[in-house]
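For the sequence shown, UniProt numbering assigns the number 387 to the last residue and increments by one with no breaks.
Think of the CB as a built atom: it goes at the ideal place given N, C-alpha and C, for glycine as much as any other residue.
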Amino acid sequence: MVETSPGSGDAGPGNAEPGDAGPGDAAVRSASVTDAAVADTATAGGAPGTPRRRGWPRRAGFALAAVVACLAVLLAAGWVALVVEDSGTPSAAARGTGQDAEWLGHAWVDGRKSQSDVDRLAASLRGTGIHDLFVHTGPFRDDGTLDPGLRPEARWLIGALHAALPGVRVQAWLGAHPVPGQLDLRSPTTRANILTATGQVLDDGYDGVHYDFEPVDNGDPDLVGLLGAAHRLTRARHAILSLSASLLAPLPGLGSVVAAMPGRKGVWSPGYLRRLAGNVDQVAVMAYDTGLWTASLYGGYVRRLTGLALDAVPAGVALFIGVPAYHDDSLRHHRAAETMPAALRGVRLALGAHPSRRNFGVAVYVDFTATAADWSHYRHDWMGTAG
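Here it is, written out as structure tokens:
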């Protein structure tokens with residue numbers, strides 16, 4: 001995610017399933033040989049009536065129709081599954097346990113905020129479960145370095161928040177877009193620069209670093225390697241390493257289907273999330289920008305995502321489910337569907353009859369768009385207190 005718009009991830013190429021050759025394979029090969037022989041006898045000018053190109057369009061049409069039919073069936077099954085997931089009533093016991101987080105915008109470190117703003121923020125957060133603040137401090141340059149001019153008031157802010165909210169951890173939210181022409185995570189030099197920059201923000205007094213790299217291909221090994229090196233650094237500094245994670249495929253195989261489509265999509269597999277989570281202290285799964293158009297579909301997806309994340313992220317790693325507190329409309333985010341109440345309902349349904357016994361909570365995105373109604377729903381639906 002970036003400060004001015006909600007975050008998303010992407011999925012990488014899926015794995016084709018191996019299959020055994022069947023009786024039809026010989027017939028297909030025979031037909032191909034026959035077509036080739038006919039094509040060889042056709043005239044160079046392609047005389048009318050020649051069967052030179054007749055077989056290929058027909059087979060291509062059948063193949064396309066089969067793909068479309070499979071996609072339609074998969075999407076229909078997914079739609080039904082998500083609606084079913086949204087059914088039921090959340091247990092009164094499925095509530096927050098005081099282990100939540102919030103993303104804060106860049107204005108907190110660039111000089112636009114003052115002590116009075118800190119006082120108002122502290123007053124609004126007292127009595128909530130929020131104990132981690134991810135403060136937008138980047139982004140990284142394309143070479144992985146970090147411009148210190150982006151955070152002239154970072155040291156002041158950290159001290160002010162620690163004084164106003166004892167026990168709350170202040171983390172540097174750092175990220176970039178690892179796409180062609182921008183940040184290249186494959187480059188050893190770039191990764192080394194990112195580690196150097198990580199040490200620099202820890203020198204400012206941050207309690208940890210919250211990485212947000214988007215988009216990253218599902219299964220990408222370079223992010224795994226970077227997190228491993230960064231975790232060694234943060235542990236040596238007694239600091240937290242946190243990661244924003246992309247959306248998860250709600251059904252087996254859907255990630256591979258989405259990955260095969262044109263463009264970069266925000267879908268990771270639970271297995272890849274597990275690999276990444278083993279190299280950090282906290283994971284915040286961004287459960288928004290789904291493109292779903294009804295609250296029931298979205299709530300069902302959040303329930304499914306929460307369950308997948310609880311299974312994928314090791315028990316010793318803190319897990320947050322990112323919930324939306326922003327209200328713009330786009331193809332990725334329908335504000336009537338992706339709401340705070342729908343997200344919290346999905347999370348609570350996933351928890352079942354009891355609060356999670358692990359370090360688990362929600363992360364509110366983002367401070368500068370959250371409304372009084374969003375906070376009322378957070379307090380009432382999640383904390384179980386008066387809104």
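Asked                                                                                                  : Found
Environment of residue 186 [buried if 16+ CB atoms lie within 10 Å]                                    : exposed
Cβ contact (3+ pairs, closer than 8 Å) linking the stretch 370 to 381 and the stretch 311 to 331       : yes
Minimum C-alpha distance to residue 102 - residue among 343, 179 and 169                               : 169
Alpha-carbon to alpha-carbon, residue 282 and residue 100                                              : 11 Å
Contact between the stretch 105 to 112 and the stretch 140 to 148 (3+ Cβ pairs under 8 Å)              : no
Proximal residues to residue 191 (C-beta, below 8 Å), its chain only, five neighbours per side dropped : 144, 185, 222, 225, 226 and 229
Residue 171 burial status per 10 Å Cβ neighbour count (16 or more: buried)                             : buried
Proximity to residue 363 [Cα-Cα], best of 278, 297, 357 and 245                                        : 245
Among 367, 207, 358 and 154, nearest to residue 311 - alpha-carbon criterion                           : 358
Every unbroken beta strand (DSSP E) inside the stretch 81 to 129 [3 residues or more]                  : 100 to 104
Residue of 129, 89, 117 and 86 minimising C-alpha distance to residue 382                              : 129
CA-to-CA distance, residue 237 to residue 201, given in whole angstroms                                : 11 Å
Beta-carbon proximity check, residue 343 vs residue 291, cutoff 9 Å                                    : no
Range covered by the beta strand (DSSP E) that runs through residue 322                                : 318 to 324
For residue 303 and residue 350, believed in contact at Cβ under 8 Å, the rounded distance             : 5 Å
Opposing strand residues paired with residue 240 [DSSP bridges]                                        : 208
Nearest-angstrom beta carbon gap, residue 209 and residue 241 [assumed within contact, 8 Å]            : 6 Å
The beta strand (DSSP E) enclosing residue 375, as first and last residue numbers                      : It is not in any beta strand (DSSP E) - residue 375 instead sits in the alpha helix (DSSP H) that spans 372 to 377.
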